[in-house]
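Heads up, the thing below is written out as structure tokens.
2 protein chains.
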Amino acid sequence: MFALKKTEIVQKILGERVLPTDASGEAYAPANIALCKYWGKRDPELNLPVNGSLSISLQERGTRVSMAPSERDTLLINDELLAADDPKHVRLFDFIDLFRVDSAPALRVDTQSSIPIAAGLASSASAFAAVVMALDRAGGWNLFARELSILARMGSGSASRSIYHGFVEWHPGVLENGMDCFAESLYLQWPELRVGLLALNTDTKKVGSREGMNRTVRESVLYQCWPDTVSRDLAEIRTAVQERDFTRLGAAAESNACSMHATMLGCRPPLLYWLPETVETLHRVWGLRNDGVSAYATMDAGPNVKVLFLEREESALREAFPLLDVIQPFASVEV
Amino acid sequence: MFALKKTEIVQKILGERVLPTDASGEAYAPANIALCKYWGKRDPELNLPVNGSLSISLQERGTRVSMAPSERDTLLINDELLAADDPKHVRLFDFIDLFRVDSAPALRVDTQSSIPIAAGLASSASAFAAVVMALDRAGGWNLFARELSILARMGSGSASRSIYHGFVEWHPGVLENGMDCFAESLYLQWPELRVGLLALNTDTKKVGSREGMNRTVRESVLYQCWPDTVSRDLAEIRTAVQERDFTRLGAAAESNACSMHATMLGCRPPLLYWLPETVETLHRVWGLRNDGVSAYATMDAGPNVKVLFLEREESALREAFPLLDVIQPFASVEV
């Protein structure tokens, strides 16, 4: 894949720095859940988003990447060797090629994921963030976090946010080359916050997120309202996080997620990632709220539901959802 | 209820005509399914819609109303006497009061409905249309169909369409008094068209359609896109009906229904009439299409699904949905 714009950005950021022939490095990056969603690109090559987004990183759930010189490019995902023509292999080494010039070595890349299988957590976000951080270490580049974020973004949009722990805001920027389009930590702690993962369905999605996003932008009349929706939601979510106002955060995040899925319903034919279990779960979360339990749902481009709540509601949530996988985003994390 | 604007319209249409003391009459009006939905009012008292809509009437599924002078106002629905403070009794006689002056009699109103219980067919549409037609006969007024449509609309918005059989378009109009806001028959036959009703859930809705509509207009940022969505869909549905292009009709009607539900997801908290069975049914309809069976779904403000298809697909549909209630909108109907 020839990626002129990406190459230019890498050169701009790396300058004289290169990947040495003995390049080897290791890094970990957390998965993240968007509280205000990324949905739609203004530049598909550079993954520049239409709108800003805000996420919470999932602490110990993420991807560890180690890389070392090798005879030929090799990718192992959770100890499983991928074929050289596997789309994941191709996508990763197309990306790594952006950083290799002349004498740069072939690499063996080992990725270990602690993301529950099919929980609807985009593993590409933590993987590309960790790859960029591992490259930085392998090359001894000492890049700034926002430079790592820009580079990770070019691998997978939401990877820009997985550079950080805790609350993260990804700025959409206005520049054509995306040099002002990076994520930053909000430097805020909220130790009581919990994210519950519900893996409702483990089948492969019929329509990938990238295709879903592109179809929505192209086909859905309702997508025209998405930028306004995000303007409102993003400001509100940022304020709610700053003020540790959980009710406000939950209401805005849930509304934002539902609005994103709503934009997909305007496609032809309608695009619906939800399954019966999704709707059952949503009604159950709303039923809990009716009973005084403060819990809110969010969903990404898939059928699975993530539940936001505070520590004090954990037992009520575990009772309602026995299979809930509870994440503590701020458990001994420095942000 | 004091309804100044409504009273003015009734006077404008009736002129010198009144309801005689021996007023008695009988009429039938069909239920209807909107292929392009009515969602949002520009005037809540007169039920003037934000957008035009287009429906198909359900032939023998509807409401028969007979009325006759009586000692006191009495409403029977399917032979069951309602209390005088029942909201349905109050709503009906508030409406009938618009037509009664001075010596007009108390009335006994008998309604018989052939609409399957809880199939998500607004029974108020056929009921108010039949009431207006029965009043017209009782008074010997001989009103034009579009006048009946305006009067029925003031009882229940979609009742404006139930004055007619077959395909019906309801014009939104631009006048403040709504005198240009009435429905008309498209005068088109499509004998092969079928509408399948699926009563998935018979519980009372937690949020009535009127409240859902009002909440969406008030709370949902996505509603701003609804008028544009309808402009596109309505033109396409009208053309598809005129050209008997079923694929185009189905695709546009399904998209319009999904877009309407999408606007509700933008409410806070999100408004979702769908149940797990709704989503299961939608995926099954889409699965049928994938298998070459031309069928499309539509839904109103409730969890139940209506399926559009042509005669030749009837056995495939009955196999997929054993409980399907198949309506032939054009079975020996003169439009």
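Chain order of the listed sequences is A and B.
Numbering-wise, the first sequence is residues 518 to 852 according to my numbering.
Numbering-wise, the second sequence is residues 518 to 852 according to my numbering.
Note that beta-carbon positions come from the ideal geometry of N, C-alpha and C, so glycine has one too.
- Segment contact: the region 551–558 of chain B against the region 770–778 of chain B, three or more CB-CB distances shorter than 8 Å; contact assigned.
- Your pair A647(B) and Y545(B) checks out as a contact, with CB atoms roughly 6 Å apart and the cut at 8 Å.
- Between the region 826–833 of chain B and the region 670–677 of chain B, the count of Cβ pairs shorter than 8 Å is below three; the stretches do not touch.
- Annotation: F763(B) to R617(B) spans about 45 Å, alpha carbon to alpha carbon.
- With a cutoff of 8 Å on beta-carbon distance, C784(A) and Q741(B) are scored as not near each other.
- Using beta-carbon distances, T733(A) does not count as an interface residue toward chain B, since no partner is under 8 Å.
- For Y740(B), the three-state secondary structure derived from DSSP is helix.
- The count of Cβ pairs closer than 8 Å, one atom from the region 794–807 of chain A and one from the region 745–753 of chain A, stays below three, leaving the stretches out of contact.
- For R785(B), the C-beta contacts it makes with chain A under 7 Å involve A768 and S772, in order along the chain.
- DSSP links T815(B) through a beta bridge to K823(B).
- Annotated three-state conformation of K554(B) is coil, per DSSP.
- Distances from the alpha-carbon of V712(A) to those of V843(A), P787(A) and R678(A) put V843(A) closest.
- Secondary structure note for E577(A): its beta strand (DSSP E) is the uninterrupted segment S570 to P586.
- F699(B) and R678(B) have their C-alpha atoms roughly 8 Å apart.
- For G656(B), the uninterrupted alpha helix (DSSP H) segment begins and ends at S640 to G656.
- Those residues of the region 805–828 of chain B placed with their C-beta closer than 7 Å to a C-beta in chain A do not exist.
- Within the region 584–619 of chain B, the beta strand (DSSP E) runs of at least 3 residues that lie entirely inside it are, in chain order, 591–594.
- Neighbours of T746(A) in chain B, taken as residues at a C-beta separation under 8 Å, are given in chain order as V738, L739 and G783.
- For K522(B), the closest alpha carbon among the candidates E533(B), L840(B), L565(B) and A540(B) is that of L565(B).
- M816(A) is a Cβ neighbour of A774(A), given a cutoff of 8 Å.
- Cα atoms of G557(B) and I573(B): separation of roughly 20 Å, rounded to the nearest angstrom.
- Restricted to the region 743–813 of chain B, the alpha helix (DSSP H) segments that are unbroken, complete and at least 4 residues in length are 743–759, 763–782 and 793–807, listed in chain order.
- Residue contact with chain A for C742(B): present (Cβ-Cβ distance below 8 Å to some residue of chain A).
- Shown here, R732(B) sits in a helix according to DSSP, grouped into three states.
- For L615(A), the closest Cβ of chain B is not nearer than 8 Å.
- Residue state for A623(B) is assigned as coil, using DSSP reduced to three classes.
- Bridge partners of A546(B) according to DSSP: T580(B).
- Annotated three-state conformation of A833(A) is helix, per DSSP.
- In the displayed model, S849(B) falls within coil according to three-state DSSP, outside both helix and strand.
- Judged by DSSP secondary structure, R663(B) falls outside any beta strand (DSSP E) and instead within the alpha helix (DSSP H) spanning A662 to G672.
- Looking only at A716(A), P708(A), G695(A) and S726(A), the smallest Cα-Cα distance to F826(A) is reached by P708(A).
- With its beta carbon at least 8 Å from every one in chain B, S570(A) lies outside the interface.
- Under the DSSP assignment, L705(A) falls outside any alpha helix (DSSP H); it carries neither an H nor an E label.
- For V527(B), the uninterrupted alpha helix (DSSP H) run begins and ends at L521 to L531, by DSSP.
- Put simply, the CB of S679(B) is far from chain A, with every gap to its CB atoms at 8 Å or more.
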